[in-house]
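Asks:
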Amino acid sequence: MLDASINSNQEILEEVDTIIVSDIHLGSEVSRSKQLLDTLSHFTFKQLILNGDVFDDLNFKRLSKSDWKFLSYIRKLSGNKTQAKVIWVIGNHDGVAEILSHLLGIEVLEEYVWTGNGKKYLAMHGHQFDSFISENARLTDIASYLYLLLQKVDSDEQQLSRWVKRTSKKWLQLSESSSESAIEYARKKGAQAVFCGHTHIPLIKEKDGVLYCNSGCWTDRPSHFITICSRHGIQLRECF
Numbered sequence: 002m003l004d005a006s007i008n009s010n011q012e013i014l015e016e017v018d019t020i021i022v023s024d025i026h027l028g029s030e031v032s033r034s035k036q037l038l039d040t041l042s043h044f045t046f047k048q049l050i051l052n053g054d055v056f057d058d059l060n061f062k063r064l065s066k067s068d069w070k071f072l073s074y075i076r077k078l079s080g081n082k083t084q085a086k087v088i089w090v091i092g093n094h095d096g097v098a099e100i101l102s103h104l105l106g107i108e109v110l111e112e113y114v115w116t117g118n119g120k121k122y123l124a125m126h127g128h129q130f131d132s133f134i135s136e137n138a139r140l141t142d143i144a145s146y147l148y149l150l151l152q153k154v155d156s157d158e159q160q161l162s163r164w165v166k167r168t169s170k171k172w173l174q175l176s177e178s179s180s181e182s183a184i185e186y187a188r189k190k191g192a193q194a195v196f197c198g199h200t201h202i203p204l205i206k207e208k209d210g211v212l213y214c215n216s217g218c219w220t221d222r223p224s225h226f227i228t229i230c231s232r233h234g235i236q237l238r239e240c241f
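Numbered according to the numbering used here, the sequence shown spans residues 2 to 241.
Okay, structure coming up:
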């Protein structure tokens, strides 16, 4: 766990076992990497799980100063064995796992299994359950581009882009089908909870004794993340 219990502003930090974030999309013009780094500074934790799509793509020229600061923080965190463990689960935007491992000095996994509070947990990005991407790659790229434009021209509160996401049948169908497939996969693996990203829709639901948790994204406002601790269990949190 991070050694410090008080940050530079003498604020008492919240202690949790695990923090899970996904879909930061570093390099995107709407990535909220600065807000994520500020959020992490309010916690002490034993492990940080980056659950896919940390990058928007591997064009590092697109990274902002805030993006580089976040990557520096991750590299420093992972390089100090007395601090928190950093787990990177690859997403469909992240490129090749072997390249990322070499560049950042962090092992990049297809999925991550661990135990906590007497339960077996599974983390995977969730694109594995999205058949629409593989079958409609060009259409997916166009839709992603149009949504990015909408986010950029939207107000700071992103009211219009959030409304589109809430009311889009395709988006909601993707979230529902992905969650069902993830729950079935986790059940076969003997896990009591599965943590995903990919859909950008924060969600916690339970079915057949398996808890599905989606950590949302860090390109929308508010952004979301998940914390796990023995006192409060699994919590879906948000950051404005």
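Beta carbons are placed, not taken as given, at the ideal position from N, Cα and C, and that holds for glycine.
With distances taken between CB atoms, is the gap from A124 to V87 smaller than 7 Å?
Replies: Walking along the sequence shown from the start, residue 124 turns up at place 123. Walking along the sequence shown from the start, residue 87 turns up at place 86. For A124 and V87, no; Cβs fall outside 7 Å.
Asks: Rounded to whole angstroms, what is the Cα-Cα separation between S67 and A194?
Replies: Sequence index remark: in the sequence shown, residue 67 carries index 66 (1-based). Sequence index remark: in the sequence shown, residue 194 carries index 193 (1-based). Rounded to whole angstroms, S67 to A194 spans 32 Å at the Cα level.
Asks: Smallest Cα separation from L51: which of R63, F130, H94, C230?
Replies: For the purposes of this step, residue 51 is taken as the residue at position 50 of the sequence shown. In terms of CA proximity to L51, H94 leads the group R63, F130, H94, C230.
Asks: Just to confirm my understanding: we take D209, look at its own chain, exclude 5 residues before and 5 after, and list those with CB closer than 7 Å. What are they?
Replies: Translated into the one-based positions of the sequence shown, residue 209 becomes position 208. Excluding sequence neighbours, D209 sits near I184, R188.
Asks: What is the rounded straight-line gap between the Cα of C214 and the Cα of K62?
Replies: What you label residue 214 is simply residue 213 of the sequence shown in a count that begins at 1. What you label residue 62 is simply residue 61 of the sequence shown in a count that begins at 1. Rounded to whole angstroms, C214 to K62 spans 33 Å at the Cα level.
Asks: Between A192, H126, R222, which has its C-alpha nearest D24's C-alpha?
Replies: Taking the first residue of the sequence shown as 1, we reach residue 24 at position 23. Measuring C-alpha to C-alpha distances from D24 to each of A192, H126, R222 identifies H126 as the nearest.
Asks: For G191 and F130, what's the separation of their Cα atoms in angstroms?
Replies: Position 190 of the sequence shown, counted from the start, is the residue given in the question as residue 191. Position 129 of the sequence shown, counted from the start, is the residue given in the question as residue 130. Distance between the alpha carbons of G191 and F130: 18 Å.
Asks: Ignore the nearest five residues each way along the sequence and tell me which others in L110's own chain have a CB closer than 8 Å to its CB.
Replies: Sequence index remark: in the sequence shown, residue 110 carries index 109 (1-based). So the qualifying residues of the chain are I88, W89, V90, I91, A98.
Asks: Give the range of the beta strand (DSSP E) segment to which T116 is assigned.
Replies: Counting from one through the sequence shown, the residue named residue 116 turns up at place 115. 113 to 117 is the extent of the beta strand (DSSP E) around T116.
Asks: If contacts are defined as beta-carbon pairs under 8 Å, then G106 and S65 qualify, I think. What distance do you get, rounded to the angstrom?
Replies: In the sequence shown, the residue the question calls residue 106 occupies position 105. In the sequence shown, the residue the question calls residue 65 occupies position 64. About 22 Å separates the two Cβ atoms, so there is no contact after all.
Asks: Give me the Cα-Cα distance between E15 and L104, rounded to the nearest whole angstrom.
Replies: Start at 1 with the first residue of the sequence shown, and residue 15 comes out as number 14. Start at 1 with the first residue of the sequence shown, and residue 104 comes out as number 103. Their backbone Cα atoms lie some 31 Å apart in a straight line.
Asks: Would you report the Cα separation of G119 and R33, rounded to the nearest angstrom?
Replies: Along the sequence shown, one-based indexing puts residue 119 at 118. Along the sequence shown, one-based indexing puts residue 33 at 32. Taking the straight line joining both Cα atoms gives about 34 Å.
Asks: Can you check whether the CB of L49 is closer than 7 Å to the CB of I20?
Replies: Against the sequence shown, residue 20 aligns to sequence position 19. Against the sequence shown, residue 49 aligns to sequence position 48. Yes, Cβ-Cβ distance for I20 and L49 is below 7 Å.
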